[in-house]
């Protein structure tokens, strides 16, 4: 969960406390949006 929170916090410039207040489904959805916004891929090299 910490990696998800970190990804969201960095991309959206939100404090981790904001993310910890979300339910898991919302965190996962926000993480997907953060990945799209950053241009990152889920594939690891």
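In the working numbering, the protein residues as written are 2 to 46. Just so you know, even glycine gets a beta-carbon here, dropped at the ideal spot from N, CA and C.
Linking residue 39 to residue 24 through their CA atoms gives a straight-line distance of about 22 Å.
Boundaries cannot be given for residue 40, as no alpha helix (DSSP H) includes it and DSSP labels it neither H nor E. In the DSSP annotation of this structure, the continuous segment of the alpha helix (DSSP H) that includes residue 3 starts and ends at 3-13. In the three-state scheme derived from DSSP, where H, G and I count as helix and E and B as strand, residue 16 is classed as coil.
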